[in-house]
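Enquirer:
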Amino acid sequence: MNDLLDWILDTVQSVDPVLRTLLAGIGILLETSVLIGLVVPGDTIVLVASTAVEGPVEYLALALTVIIGALIGESIGFALGRWFGPHIVHSRLGRRIGEDHWRRAQLYLDRRGGPAIFISRFLPVLHSLVPLIVGMSTMSYRRFLAWTAPACVIWSFAYTTVGWLAADGYRELSRDLHWAGYLFVAVIALFLVGVWGVKKLLERSEAKHLSLDEPRPGTTEGPDAAASDPSIDDVTR
1 MNDLLDWILD TVQSVDPVLR TLLAGIGILL ETSVLIGLVV PGDTIVLVAS TAVEGPVEYL
61 ALALTVIIGA LIGESIGFAL GRWFGPHIVH SRLGRRIGED HWRRAQLYLD RRGGPAIFIS
121 RFLPVLHSLV PLIVGMSTMS YRRFLAWTAP ACVIWSFAYT TVGWLAADGY RELSRDLHWA
181 GYLFVAVIAL FLVGVWGVKK LLERSEAKHL SLDEPRPGTT EGPDAAASDP SIDDVTR
């Protein structure tokens, strides 16, 4: 296991650090972009790139590049929604995504307002659709950025930190432990299981807001909910 893992890590590390960092930034930019983000494994690209990090400087450079890439991708989605939103939704690609996904993203934003932007960054499919839906709303870009930036920072540091520390720890232990490779794989697997668990917990806790069911008469939901929930007022700012 150690020999195979050494070969994989050395191969990744042989890529020029600047190029490797830029590829990670581009990967997450595409992963957070509408439509493209549904097929680009940006999280995997970032995790692999982080295993090649050597030292705090490279680590910070990678983390910051990934944050910037994520924010650019989210901003592109917002801009496309502001300028071409309905055309994209009703395009051939938009129809392939499915009406239910678009409707869920719209209802979620209507019901939760700003928090929907933050939480959706950690949810599959929605993380690519919500920025475009926000762009189609009356929310200002400044308010959108205020909600999405913290989520991008958390996501970036989580992936880059785990990849860097796991690979660095493996390189130290592999000199003396023949099973260090299994430990590395276990750490990465536990992290990915943890990420999956967090997504499931969020989906469960937000199930009511993610539902496609229409609100019952007399309930406050959608644009009218802003009067009873201050956070939803962010959609109109």
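Take the sequence shown: its letters are residues 1 to 237, numbered as in the UniProt record's numbering. Think of the CB as a built atom: it goes at the ideal place given N, C-alpha and C, for glycine as much as any other residue. What you are looking at is a predicted structure, and each value in this text was computed from that prediction instead of being measured.
What would DSSP say about Trp179, mapped onto helix, strand or coil?
Expert: In the structure shown, Trp179 sits in coil (DSSP, three-state: anything other than H, G, I, E or B).
Enquirer: Check Pro115 in the structure and name its three-state DSSP category.
Expert: Residue state, collapsed to three classes: helix.
Enquirer: Grab the span of the alpha helix (DSSP H) containing Arg143 for me, first residue to last.
Expert: Start and end: Tyr141 to Leu173.
Enquirer: Between Leu29 and the rest of its own chain, which residues show a CB-CB distance below 6 Å, the 5 nearest in sequence each way excluded?
Expert: Within the same chain, Leu29 has close Cβ partners Gly69, Ile72 and Gly73.
Enquirer: Rounded to a whole number of angstroms, what is the C-alpha to C-alpha distance between Thr220 and Leu80?
Expert: The predicted model places Thr220 with a pLDDT of 47, which falls under 50 and marks its position as unreliable, so this point remains unresolved.
Enquirer: Leaving aside the five residues before and after Phe197 along the sequence, list all residues of the same chain whose C-beta is less than 8 Å from its C-beta, in chain order.
Expert: Note that residue 197 is Gly in the sequence shown, not Phe. Correct list: empty, nothing qualifies.
Enquirer: Which of the three DSSP states, helix, strand or coil, is assigned to Val40?
Expert: Three-state DSSP puts Val40 in coil, outside helix and strand.
Enquirer: May I ask which residues mark the beginning and end of the alpha helix (DSSP H) holding Gly27?
Expert: From DSSP, the alpha helix (DSSP H) with Gly27 extends over Pro17 to Glu31.
Enquirer: Would Arg95 and Gly135 qualify as a contact pair, given that the criterion is a beta-carbon distance under 8 Å?
Expert: Not in contact: Arg95 and Gly135 (Cβ atoms no closer than 8 Å).
Enquirer: Would you mind reading off the limits of the alpha helix (DSSP H) that contains His213?
Expert: Per the sequence shown, the amino acid found at residue 213 is Asp instead of His. Here Asp213 belongs to no alpha helix (DSSP H), and DSSP marks it neither H nor E.
Enquirer: Thinking just about the alpha-carbon of each residue, which of Trp179, Met1, Pro17 and Val48 is nearest to the one in Ile165?
Expert: Note that residue 165 is Leu in the sequence shown, not Ile. Cα-wise, what sits closest to Leu165 is Val48.
Enquirer: Going by beta-carbon coordinates alone, are Glu206 and Ile119 separated by less than 8 Å?
Expert: Taking 8 Å as the Cβ cut-off, Glu206 and Ile119 qualify as a contacting pair.
Enquirer: Quick one: what's got a C-beta closer than 8 Å to Trp102's C-beta in the same chain, skipping five residues either side?
Expert: Cβ neighbours of Trp102 beyond the five flanking positions: Val89, Gly94, Leu129 and Ile133.
Enquirer: By DSSP, does Phe191 sit in helix, in strand, or in coil?
Expert: Helix at Phe191.
Enquirer: What's the gap between the Cα of Arg175 and the Cα of Thr161?
Expert: So the alpha carbons of these two residues sit roughly 22 Å apart.
Enquirer: My output table needs one value for Phe84: the three-state DSSP class, helix, strand or coil.
Expert: Looking at Phe84 - three-state DSSP - the assignment turns out to be helix.
Enquirer: Is Tyr159 near the ligand HEM, going by C-beta to nearest heavy atom under 7 Å?
Expert: Among the components modelled here there is no ligand, and therefore nothing to report on the ligand HEM.
Enquirer: For Gly25, which option in Val66, Val40 and Leu5 has the closest C-alpha, if you only look at C-alpha atoms?
Expert: With distances taken between Cα atoms, Gly25 lies closest to Val66.
Enquirer: On the criterion of 16 or more Cβ atoms from any shown chain inside 10 Å, does Phe50 qualify as buried, or is it exposed?
Expert: Looking at the sequence provided, one finds Ser at residue 50 rather than Phe. Looking at its Cβ environment, which holds 16 or more other Cβ atoms inside 10 Å, Ser50 is buried.
Enquirer: Let's test the definition: count the other Cβ atoms within 10 Å of the Cβ of Asp110 and tell me whether it reaches 16, buried, or not, exposed.
Expert: When all chains shown are included, Asp110 counts as buried.
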